[in-house]
Structures are given as C-alpha cells and as structure tokens.
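In what follows, a structure is listed as structure tokens, so that the remarks can point back to it.
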Amino acid sequence: MPWPSRKRDKGAVADKKEPDAKIAKTEETQKKEEEEKSTKPPAGSSKSGWKNWKKAKESDAGGEESKQTYCHWLLKSEPESRLEKGVDMKFSIDDLKAQPNQTTFWEGVRNYQARNFLRAMKLGQQAFFYHSNCKEPGVVGIVKIVKEAYPDHTQFDQKDPHYDSTSRKENPKWSMVDVQFVRMTKRFIPLSEIKAHHLAHKADGGPLKNMMLFTRQRLSIQPLTQEEFDFVLSLEEEKPH
DNA sequence: GCCAACGTTGGC
DNA sequence: GCCAACGTTGGC
C-alpha cells in the first residue's frame, strides 16, 4: 500500500497518457469520498489519548491544544522485494540513501487517513523510517520532509500499480511529499521492543501508551507526539535487548 | 505462508 | 445507513 517504492522512471513523470477520457463514470463518484473522512485522530481512541498529548508539559508553547499539530511522523516502507502488479515494492533505507540527494518522493499512498497526514506534514519535520512487512520490522533511521504535499503523479499513470482511474488531474485525490535521509538510528530499534514498551506504558501511563503503530496497526503514515518520538529515539542509546 | 485486523465496497 | 463480503496490510 502506501509506501513509496521504486523510483523508477522519475523522468517519465511527464507521461501524458491522459487516461481520463475513457473513464467517464468517475465523475460523480469522485467528490463524495473526499477528504475528511479520516483526518481527525482515531475516533476510537480519542478519549484515551490525545488529551495528554502534551501532558503537562510546562512548555506548552506549541499551542497544540485544540487541533493537534503533529510534528513528527513514522513512515513505513518495505525493505524486501514484493511484487505488486509486476512492480517491485522494495524500498529500504539503503535504497533511500542511494537516491540522488538521498531524497525521494513518497508516492503511492492510497488511504485517506494516511494521505491527510501526508498533507499535514511541514517542511523540516522529522520522521522515523520504519521497515515493515519483513523479517525484522522496526525503526532504522530518520528522514525529514523537504517538500510539502503536492499531487502524486503515479495516480495518473496507468502502468503504475497505484494508478487510480477515478482521480482527475483537475482535482487530484492523492498527494505525496519529498523526504530526505537524515541519519541511521544508532542501532536498529525493533518493533518487538517498541511494542514491549507500549504494553508496559498502557499499564503505567508511559509515553507510548497510545502509539498509533499499535492502535492503528495498518496505517502506513502515522503522526507521533513529541513524547513518543523522544522516547523511541531514546531507545537507540540503550543496549539491545 | 497463515491469518487477524481492519479499510472498502456494494446490496439492500 | 447497515452490514456482510471482500481485499489488503503486515506481524509472526
């Protein structure tokens, strides 16, 4: 789903195959689903979590109160080969490092909630690069947003596995951002370890008690609170366990 | 490779 | 608008 993948023919972006015409039906269907459906935090978990989102915190400066302004993210990507419509979805952090400028566009997100989070990303914000659907899932590095949301060109490319025949160029449904490699974490931080803390924190009220990695397990783009980001990052200083 | 979780679709 | 069928995600 939603992750980036190969950077194949970036050059081909232009690609003008204008599929549109033929689809016709789309028109009406289109507008309805629109945006909001999932912008807000997890309905289900709302009560539990976001209130303490800035718990305490003295600094409060942020003004995050009402509408939480997320400032950190977690991006899932698959480091192992898997074909989707004949195209390899593999994109590990090493693949990112190999890109020109160590930068890539995060294309292929086709889930409204994930897309809305993409659109909320701001220049310079940092995100964990997470390896999913693989032998050892977990956080492997840090990336930053170097270009805010703009239309994902792959939605108009019929040859792309994530082509969306219902999206019109005049009103693109899907967005992407550009991210750049910042650094590897000092060590691999496995999902199992993060999960163990999450479970402990659910009992004692610690910072990972509501982490979306566990409360919305299938979301490929997730926001992290400052506390969540700091806590996970602090694990890189500890000995693997 | 299995399968639980969960998002999406479509009949009614 | 409900909900069963279906498809996808992604840990294990």
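Numbering-wise (my numbering), the first sequence opens with residue 9 and increments by one.
The beta carbon of each residue, even a glycine, is placed where N, CA and C say it ideally should be.
Chain-order list of residues whose beta-carbon lies under 7 angstroms from that of residue i (same chain, five-residue window excluded)
{"i": "leucine 232", "result": "His80, Trp81 and Leu82"}
{"i": "proline 248", "result": "Arg195"}
{"i": "isoleucine 229", "result": "Pro10, Trp81, Leu83, Val117, Ala122, Phe125 and Leu126"}
{"i": "methionine 129", "result": "Trp81, Ile153, Glu156, Ala157 and Val185"}
{"i": "threonine 193", "result": "Val147, Val148, Gly149, Ile150 and Glu244"}
{"i": "glutamine 110", "result": "Leu104, Gln188 and Phe189"}
Three-way DSSP call (helix, strand, coil) for residue i in this model
{"i": "aspartate 201", "result": "According to the sequence as given, residue 201 is glutamate; it is not aspartate. Helix."}
{"i": "lysine 93", "result": "coil"}
{"i": "tyrosine 158", "result": "strand"}
{"i": "histidine 254", "result": "The requested residue 254 does not occur in the structure, where the chain is confined to residues 9 to 249."}
{"i": "arginine 176", "result": "strand"}
{"i": "threonine 77", "result": "coil"}
{"i": "threonine 34", "result": "Annotation note: pLDDT 35 at threonine 34 (below 50); position unreliable, coordinate value reported separately. It is helical."}
In DSSP terms, what residue i is bridged to
{"i": "glutamine 188", "result": "Thr111 and Lys152"}
{"i": "leucine 82", "result": "Phe136 and Gln230"}
{"i": "glycine 307", "result": "Within the shown structure, residues of the chain are numbered from 9 to 249, placing residue 307 beyond reach of any answer."}
{"i": "serine 183", "result": "Pro159"}
Cβ-based neighbour list, residue i, same chain, cut-off 6 angstroms, excluding 5 preceding and 5 following
{"i": "leucine 199", "result": "Pro145 and Gly146"}
{"i": "isoleucine 101", "result": "Phe137, Val148 and Gly149"}
{"i": "glutamine 133", "result": "Cys79 and Ile153"}
{"i": "histidine 170", "result": "Gly116, Arg118 and Thr162"}
{"i": "serine 175", "result": "Gln163 and Lys181"}
{"i": "glutamate 246", "result": "none"}
Beta carbon of residue i nearer than 9 angstroms to that of residue j
{"i": "serine 183", "j": "alanine 208", "result": "no"}
{"i": "asparagine 141", "j": "glutamate 86", "result": "yes"}
{"i": "valine 187", "j": "alanine 106", "result": "no"}
{"i": "aspartate 160", "j": "glutamate 115", "result": "yes"}
{"i": "leucine 243", "j": "histidine 205", "result": "yes"}
{"i": "glutamine 163", "j": "proline 180", "result": "yes"}
{"i": "phenylalanine 189", "j": "leucine 131", "result": "no"}
Chain-order list of residues whose beta-carbon lies under 8 angstroms from that of residue i (same chain, five-residue window excluded)
{"i": "isoleucine 2", "result": "Outside the shown range of the chain (9 to 249) lies residue 2, about which nothing can therefore be said."}
Determine contact between the stretch 212-221 and the stretch 233-245, defined as no fewer than three beta-carbon pairs at a distance below 8 angstroms. yes
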